[in-house]
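What follows is a short report on a single structure.
Residue numbers (our numbering): -1 to 670.
Here it is, written out as structure tokens:
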């Protein structure tokens, strides 16, 4: 096995190291979600944690890591007797983002089960992670059907594999640790709540600390074994401290004052359910044990809140994570039944503290010592000297977006095969069964009725005259299922002077923000193209980070002429590149404009020809008509006709307005 970077050699990252250590002390805390930009040692710290965990005692030969003191009575490898026990290091099992369902939960040989009646089961990653760590890098990119299995296992402490009446169940209790880059998209709330703690990490801006990071990393890369040997003393001391804290944990007292503070804090931040209260209680208890105390203090409760509540408080998906610390302090002060005594910290850094005196109750993290080392609407106007925003008008300050609302469902017609999501119809591994086909490769979802129908006509030829059915491999049929997929929603937003002239930009931004919220909930990728002045720009290349699109939208300036054709051509270029990168993800083009086009010769004719490119490629499109006033030119509807899509006004975009907004884009194309 390759040498891992030592945990005690990680520079800084105090919150991350503390959260991981608290889970090592008390696995009941429930795991850690690490959010941060790329290159911040998230994975390095998580992988290093496994070497600090105590060894696990297991039943010899059991593939499911049963505890000899309390073996699982339903273990597929059981029943287990009272024989000898063996020990092994705690495992850290990594779940790749692209793993299959069978790789995660295990593979059941359906063909042998049907033909021979043999329950042949190969354990998956959930079985391997039992009583250890299950680590998911880039957990926010994990497929929905894999997330569903993780949720089930985390909730029940067991994994179930059931197919056509054949079932296998085994224990699956593990420490769930995930890392993610928020720029690539957020997690589903259900999975987010399953992580006990969350921490935000970022690269240090202190030059001295950055120098030390580079120095240690280069030293490790040059001689991993030698570098690890230099930190062996600190690693050993930290293991001893974890063991001491585990031994002390059952003696820690969680008093009524601490419980009242926990309850008041969770209520003040409006968290849903009771899981936050329980996690805070377990975290505060682990903090006390880590500091070598048997009483939970107000500071323990405060630190527990900072780790357990940021991902659970009610917030808009586009709000920044974290807690208002002044509100937290005020809540703790109001709810306290009296001041806790200030514990006298151990000057040697608490139980198991390493050399250098660090790692005491105040800092809560392992030691770092060691080897040296008033806008006004502006109509379009001719460009003049000093004019801003390109030809045709002045650039204005960004307009504030109106309040978002629930939008109509905009979908792509037909049947896709893209990534799992919640927008358009698609062939998926999960969903309602729509038919059957011959399996290509391994059989995963048996269509029992179709299999019986395929086998029935051949029974006499196979020598079967009485009851029963002879099933051969050629008779097996794979179930085809239909579910929902996520799409690429590309917004082309008109930011010209005509959009701002009637104070419409706030409403337009509110509408786009509402569509972005909808895209967030439906697991879409999004992109943002803007056009104004003399050209169009890609404000945000297609990404899974919907909040990044919302941030770009908020700062969108307006003013200038309306290069509608340039905007459509830029959108066409973006979609062309994305089709090469991800051919299975179907696009939905949403053009937000009043339909006007200015600048250059025959701007409307150029826009119509640019729209024809999208129509020729079959791109599903919707034009959000932003025209207002008593006299309407209907240019947006004309643009939708050239695109082969549908036009909808801002009012019609609301979910509580007229029904059937984008019911059948194909029918609209035919009518055109």
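Yeah, the Cβ is synthetic: ideal placement off N, Cα and C, and Gly gets one too.
Residue pairing from DSSP places residue 480 in a beta bridge opposite 425, 430. In this structure the segment 537 to 554 lies against the segment 478 to 498, because at least three pairs of beta carbons, one per stretch, are closer than 8 Å.
Secondary structure at residue 272: coil, using DSSP grouped into helix, strand and coil. Per the DSSP secondary-structure output, residue 131 pairs in a beta bridge with 90, 173. The beta carbon of residue 598 sits closer than 6 Å to none of the beta carbons in its chain outside the five residues before and after it. DSSP assignment within the segment 175 to 250 yields the following whole beta strand (DSSP E) runs of 3 residues or more, N-terminal first: 195 to 199.
Residue 8 has its alpha-carbon roughly 8 Å from the corresponding atom of residue 211. Comparing alpha-carbon positions, the option among 507, 293, 572 lying closest to residue 549 turns out to be 507.
From the listed residues 86, 290, 277, 320, the smallest Cα separation to residue 299 is found for 277. With respect to residue 56, residue 86 sits close: the two C-beta atoms are nearer than 8 Å. Taking the Cβ atoms as the reference, residue 30 lies roughly 26 Å from residue 104, outside the contact range of under 8 Å. When rounded, the separation of the alpha-carbon atoms in residue 493 and residue 503 is 8 Å. Residue 5 places its beta carbon less than 8 Å from that of residue 236. In the three-state reduction of the DSSP assignment, residue 494 falls in the coil class. Between the beta-carbon of residue 310 and that of residue 274 there is about 5 Å, and that keeps the pair under the 8 Å contact cut.
Here residue 651 has 405, 406, 509, 622 as same chain residues with Cβ atoms under 7 Å from its own Cβ, once five neighbours each way along the sequence are excluded. Per DSSP, residue 619 is one residue of the beta strand (DSSP E) stretching across 618 to 623.
With a cutoff of 8 Å on beta-carbon distance, residue 567 and residue 595 are scored as not near each other. Of the residues assessed, residue 303 falls on the buried side of the cut-off, its CB having 16 or more other CB atoms within 10 angstroms. In this model, residue 209 and residue 216 are separated by some 11 Å (Cα to Cα).
Sorting 600, 232, 514 by C-alpha distance to the C-alpha of residue 403 places 514 at the top.
For residue 527, same chain residues with a beta-carbon under 8 Å away, outside a window of 5 residues either side, are 488, 489, 490, 491, 534, 535, 536, 537, 565, 568, 569, 572 in chain order. Residue pairing for residue 295: DSSP places it in no beta bridge. Just measuring C-alpha positions, the residue of 605, 607, 333, 524 sitting nearest residue 576 is 524.
In the three-state DSSP reduction, residue 255 falls in the helix class (H, G or I).
It is roughly 16 Å from the alpha-carbon of residue 19 to the alpha-carbon of residue 39.
With respect to residue 32, residue 244 sits apart: the two C-beta atoms are not nearer than 8 Å.
In the assembly as shown, residue 413 is an exposed residue. Its beta-carbon has fewer than 16 other beta-carbons within 10 Å. According to DSSP, residue pairing for residue 644 in a beta bridge involves 620.
Remark: three or more beta-carbon pairs, one from each stretch, lie closer than 8 Å, so the segment 439 to 446 and the segment 467 to 486 are flagged as touching. Between the beta-carbon of residue 283 and that of residue 252 there is about 6 Å, and that keeps the pair under the 8 Å contact cut. The closest CA to that of residue 96, considering only 505, 418, 457, is found on 418. Each residue's CA atom was taken as its position, placing residue 608 and residue 184 some 34 Å apart. Between residue 497 and residue 649, the C-beta spacing is not below 8 Å. The residues 640, in chain order, have a CB closer than 7 Å to that of residue 610 in the same chain once the five nearest residues on each side in sequence are set aside.
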